[in-house]
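Here's the structure we're looking at; comments come further down.
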Amino acid sequence: MTARTTAANSGLASCHVCFKLAPTAVHRCPRCGATMHLRKNDSLQRTLALLVTACLLYIPANLYPIMYTEQLGSTEASTIMGGVILLIELGSLPIAMVIFVFSVIVPSGKLMTMFYLVWTVERHSPLGARQRSMMYRITEFIGKWSMVDVFVVSILVALVHLGGLLVIRPGIAALSFAGVVIVTMIAAESFDSRLIWDNIEEKNSEN
Amino acid sequence: MKTEHADISQGRKFSGIWLIPLLALVLGVYMVAQKWMNEGPEIEIAFMTADGLEQGETKVKYRNVDMGVVEEVRLNDAFDGVIARVKLDRQALPLLREDTRFWVVTARVGVDSISGLDTLLSGAYIQLAPGTGEIGTRYFTGLEHPPQTPAGAPGLRLQLTSDRASSVSAGDTVLYKGYNVGRVENMLFNPSDRLVHYEIFIDAPYHKLVNSSVRFWDVSGVSLSADAGGFKVETGSVDTVFFGGVAFGVPEGVEEGDEVEQQTEFRLYTSYDDILENPFQYGTYYVVSFDQSVKGLRPGAPVEFRGIQIGKVERIMLKEGLEKTRTLGEQGKGLSIPVLLYVEPGRLELPDKESSIDALRETVRVGVNNGLRATMASGNLLTGATYISFDFFPDAREDTESTFMEYTTIPTIDSGLAQLDQKVNALLDNINALPLADTVTSANTALASLNQNLASLQSILDNQSTQQLPAQLDQTLQELKDVVSNLSPNSQAYQSLNSSLLSLNRTMGNLETLTRTLSGQPNAVLLPSTPVPDPIPEVRKK
């Protein structure tokens, strides 16, 4: 296989902001003035660090109650999984599934996917680059939907405030869960998907 | 072109981005550490039922501040109760004392109050009432009923015992001179001592009214008594009529006592009259054994010292006496009957205190050496009731105190009754010894001679002359009648006698006129009388 012509091969780097191609020797984008890098700066380290943060935040998000329902003086605390189980017991299976998918499967799946991507890039693995690229795109797209849970809680807290009759207060898990979602989104953002392909390019150039 | 590749390589240096997970970690560790630092104690409270208790829901409160939450409710190992595992805040640590009490607060409707209505909406909670004992207890037994007194209220908690459950029950008032100063918190019948135990609480500052000489009595309901003075109705306050109550006070003639401690035990008298009958709290037991009949001696019979009542007969210990006779094998002597006496030093004008018992015992000990003896005396000849009397018998056989079972015994001498018995016996013996046969013989002789006399009298009566005697008597009487009839008004003799008397009467009248003339003018016999001019009435001068 002959090496395909890439911007990097040609000594060109893309601006992160305006995507102008400029020679790597240039430190500032000739168009917008942003700092030029061939690849995102410290991409893997940043992604990994943010993933670890997200993992740490994910622990209280699941263990602590996400919201408190004060009904006629008696307070009831509900965690994410507690709420899902309660909904299943009440027979609202579709809603339970929605919450389960977006609050449990998506964030955890996203974390695992990102860890996998970082790991493979670190190992310079050339295998399944196309699938990995696809995983990355899905992850980036679906990640923001995890905020559904946080939005539900915020809306309930804002709307249901009936004095002593029924009051809903957010729990500490709502904050940490929002943290998990935001941090994983930033992690996905700081991951440079071109690194997946760089491995293949390297292999090719070595051949 | 080496320069082209130099920019591609990822630096191995640590990026500043690692500060973010580090920060998250530090925050997490801090939170965990803080939670661990504030980790409160975990306690277990045993209840009869889990009524109102919900896992993770039911709070523990003290002065309406949340102190913790019930984490788990489970059955105990014997399945006869439940155990609530409670996670408490750290600040509750000093409240967990030996006698800290817990109870479930739910809405309750009592005869005199409704409480805990707020729990209808919020659900039941466990109330904590800190005690005063040692800190560090972790296992508690919850109360089934809330105590009547708010937790930590100042005052005095006392124990009352009564041998019968009157109408006093938990929640009733405690009165002092008719004023409400406390309440009955709890009542319990203890089958082992067969006494009803009441726990009462006197609010501050009225607890100062309680001293060691006060008496408690039942003022529940209405007491009706009838005597020579008429009917008498006694009641406490209105609520004691319906719900019962306890009153206390120092009985008349009793000195104020010392201050009392918490949980001091008092006796609950059934009425104030009961106190007047049994005004003393302290007493001691003695045993006296009699070798004679104890007929008429009943439990409650008075024990007197020279006529002053000093106690009463508790019971006749026949069973124990039999036991003793059997074990000792005292043959031929006969069974002596021990009698248990209850003697109160207060009745001997000694202060009604624990120490007076020792003083009394010492006095008795010395007294016995100097001839103090117990006797049985007759109290009421009609009913045959007897009582125990103590007195000094200087000529009594020397004796000292001994013991019977755990009691001290006082020697006895045969009572006056028994002595009387003996005298009557002696008298009957004497009567028995009289020469009755001789007497009867001489009496018979006398009767025979009497019989002879009677026979001769009969012969006199049978005589002819004796029988004619009535006829002669009759004739004499007839003659006497004739004589009398001659003297009747119609007879001649009577009329002549009458005329003679009339002429005598006239003569006497003339004689009287002469006598008067002579007394006024003694010379009238010799000289002619001068007539006295008639008096002339005069006009009264003005």
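Residue numbers (the numbering used here), protein chains in the order written: chain A, 1 to 207; chain B, 1001 to 1542.
The beta carbon of each residue, even a glycine, is placed where N, CA and C say it ideally should be.
Tell me the DSSP secondary structure of Thr1466(B) in three-state form.
Here residue 1466(B) corresponds to residue number 466 of the second sequence, with the count starting at 1. It is helical.
Can you tell me whether Ser1503(B) is buried or exposed? The criterion is at least 16 other CB atoms within 10 Å of its CB, across all chains shown.
Within the second sequence, numbered from 1, the residue matching residue 1503(B) stands at position 503. So Ser1503(B) ends up on the exposed side.
### Query
For a contact meaning CB atoms closer than 7 Å, what does Ser1024(B) contact in chain A?
By one-based count along the second sequence, residue 1024(B) stands at place 24. Rather than Ser, the amino acid found at residue 1024(B) in this sequence is Ala. What Ala1024(B) touches in chain A: Thr53, Leu56 and Leu57.
| field | Residues that Arg1215(B) bridges to, as DSSP identifies them | value | Residue mapping note: residue 1215(B) aligns to position 215 of the second sequence, counting from 1. Partner(s): Gly1249(B).
Practice item. Please check the pair Ile1388(B) and Leu1341(B), which I expect to be a contact at CB under 8 Å, by giving their CB distance rounded to whole angstroms. Key: Position 388 of the second sequence, counted from the first residue, corresponds to residue 1388(B). Position 341 of the second sequence, counted from the first residue, corresponds to residue 1341(B). About 6 Å separates the two Cβ atoms, so the contact holds.
Can you tell me where the beta strand (DSSP E) holding Ala13(A) begins and where it ends?
As a first step, residue 13(A) is located in the first sequence; it is residue number 13 there, counting from the start. Counting along the chain, the beta strand (DSSP E) containing Ala13(A) begins and ends at Leu12 to Ser14.
*Classify Thr6(A) as helix, strand or coil using the three-state DSSP reduction.*
Within the first sequence, numbered from 1, the residue matching residue 6(A) stands at position 6. Coil.
### Query
List, in order along the chain, the chain B residues whose C-beta lies closer than 8 Å to that of Leu72(A)?
Within the first sequence, numbered from 1, the residue matching residue 72(A) stands at position 72. Those within 8 Å of Leu72(A) in chain B are Leu1121 and Ser1122.
Quiz prompt | DSSP three-state assignment for Trp1018(B), whether helix, strand or coil | solution = Sequence index remark: in the second sequence, residue 1018(B) carries index 18 (1-based). Three-state result, Trp1018(B): helix.
Should Gln1464(B) be listed as close to the ligand GTP, given that the test is whether its C-beta is under 7 Å from any heavy atom? Of ligands this structure carries none, so the ligand GTP is not represented either.
Return the bridge partner residues of Thr1141(B) from the DSSP annotation.
To locate residue 1141(B), count along the second sequence from 1; it is residue 141. Ala1046(B), per the DSSP bridge assignment.
| said: Assuming contact is defined by CB atoms lying nearer than 8 Å, are Glu1199(B) and Asn1186(B) in contact in what I supplied? | reply: Here residue 1199(B) corresponds to residue number 199 of the second sequence, with the count starting at 1. Here residue 1186(B) corresponds to residue number 186 of the second sequence, with the count starting at 1. Result yes, Cβ atoms of Glu1199(B) and Asn1186(B) sit closer than 8 Å.
Nearest CA to the CA of Val153(A): which residue from Met67(A), Ser108(A) and Pro23(A)? For the purposes of this step, residue 153(A) is taken as the residue at position 153 of the first sequence. Among Met67(A), Ser108(A) and Pro23(A), the Cα nearest to that of Val153(A) is on Met67(A).
From what residue to what residue does the beta strand (DSSP E) around Thr1284(B) run? Reading the second sequence from its first residue, position 284 is the one you call residue 1284(B). Residues Thr1284 to Phe1290.
*Spell out whether any CB of chain B is found under 8 Å from the CB atom of Arg123(A).*
Position 123 of the first sequence, counted from the start, is the residue given in the question as residue 123(A). Cβ-Cβ to chain B under 8 Å: no for Arg123(A).
### Query
Is the beta carbon of Asp1359(B) sitting closer than 8 Å to the one on Leu1350(B)?
If you number the second sequence from 1, residue 1359(B) lands on position 359. If you number the second sequence from 1, residue 1350(B) lands on position 350. Rather than Asp, the amino acid found at residue 1359(B) in this sequence is Ala. Cβ distance < 8 Å, so Ala1359(B) and Leu1350(B) count as in contact.
Using CA atoms only, rank isn't needed, just tell me which of Asp1218(B), Asp1258(B) and Lys1232(B) is closest to Ala1247(B).
For this step, residue 1247(B) is matched to residue 247 along the second sequence. The shortest C-alpha separation from Ala1247(B) is found at Asp1218(B).
Checklist entry - For Met1(A), is the classification buried or exposed, using 16 other Cβ atoms within 10 angstroms of its Cβ as the cut-off for buried? => result In the first sequence, residue 1(A) corresponds to position 1, counting from 1. Only weak support is given to the placement of Met1(A): the predicted model assigns it a pLDDT of 44, under 50, and the value that follows is read from those uncertain coordinates. Exposed, by the Cβ-count rule.
* Asked: Beta-carbon of Leu50(A) versus every beta-carbon of chain B: anything under 8 Å?
  -> Position 50 of the first sequence, counted from the first residue, corresponds to residue 50(A). Judged by the 8 Å Cβ criterion, Leu50(A) is in contact with chain B.
Practice task
Confirm, please, whether the CB-CB distance from Pro1345(B) to Ile1337(B) is below 8 Å.
Solution key: What you label residue 1337(B) is simply residue 337 of the second sequence in a count that begins at 1. What you label residue 1345(B) is simply residue 345 of the second sequence in a count that begins at 1. The answer is no: Cβ separation not under 8 Å.
Checklist entry - So what's Pro1094(B) in DSSP terms, helix, strand or just coil? => result Numbered from its first residue, the second sequence carries residue 1094(B) at position 94. Correct three-state label for Pro1094(B): helix.
Legend entry - Burial state of Cys29(A) (16 or more Cβ within 10 Å): Walking along the first sequence from the start, residue 29(A) turns up at place 29. Result: buried.
Worksheet item: Do you know how far the Cα of Thr1270(B) is from the Cα of Phe1216(B)?
Response: On the second sequence, position 216 is the one that residue 1216(B) refers to. On the second sequence, position 270 is the one that residue 1270(B) refers to. One C-alpha to the other measures close to 9 Å.
- Message: So Gly46(A) contacts chain B; which residues on that side make the cut at Cβ distance below 7 Å?
- Response: The residue given as residue 46(A) occupies position 46 in the first sequence. Looking at the sequence itself, residue 46(A) is Arg, so the reference to Gly does not match. Going along chain B in sequence order, the residues near Arg46(A) (Cβ under 7 Å) are Ser1015 and Ile1017.
Worksheet item: Using a C-beta cutoff of 8 Å, does Ile1083(B) count as contacting chain A?
Response: By 1-based counting over the second sequence, the position of residue 1083(B) is 83. It does not: the Cβ of Ile1083(B) has no partner Cβ on chain A nearer than 8 Å.
### Message
Strictly under 8 Å for the Cβ-Cβ distance: is Ile1126(B) near chain A by that measure?
### Response
In the second sequence, counting from the first residue as 1, residue 1126(B) sits at position 126. Output row for Ile1126(B): interface = no.
Problem - Member of Lys1059(B), Ser1378(B), Ile1310(B) and Ile1316(B) whose CA lies at the smallest distance from the CA of Arg1085(B) - result: Residue 1085(B) sits at position 85 when you count from the first residue of the second sequence. Of the listed residues, the one whose Cα sits closest to Arg1085(B) is Lys1059(B).
At a CB-CB cut-off below 7 Å, which residues of chain A make contact with Ile1020(B)?
Counting from 1 along the second sequence, the entry for residue 1020(B) is found at position 20. Simply Ala49, Leu50 and Thr53.
Could you tell me which uninterrupted alpha helix (DSSP H) segments, each at least 4 residues in length, are contained entirely in the stretch 1427–1493 of chain B, listed from first to last along the chain? 1436–1462 and 1464–1486
- If the cut is a Cβ gap below 9 Å, which residues of chain A does Gly1028(B) touch? Numbered from its first residue, the second sequence carries residue 1028(B) at position 28. Residues of chain A passing the Cβ test: Leu56, Leu57, Ile59 and Pro60.
If you drop the 5 nearest sequence neighbours on each side, which residues of the same chain put their C-beta closer than 8 Å to that of Phe102(A)?
Position 102 of the first sequence holds residue 102(A). So the qualifying residues of the chain are Trp145, Ser146, Val148 and Asp149.
Cut-off 6 Å between Cβ atoms - residues of its own chain near Leu195(A), not counting five sequence neighbours on either side: Here residue 195(A) is taken as the residue at index 195 of the first sequence, counted from 1. Closer than 6 Å at the Cβ level, and outside the excluded window around Leu195(A), lie Val121.
Check: What are the partner residues of Ala22(A), as DSSP defines its beta bridges?
Finding: Taking the first residue of the first sequence as position 1, residue 22(A) is located at position 22. Beta-bridge pairing links Ala22(A) to Ala13(A).
Neighbourhood of Ile155(A) by C-beta distance below 6 Å, restricted to the same chain and skipping five residues each side = Position 155 of the first sequence, counted from the start, is the residue given in the question as residue 155(A). Excluding positions up to five away in sequence, the list is empty.
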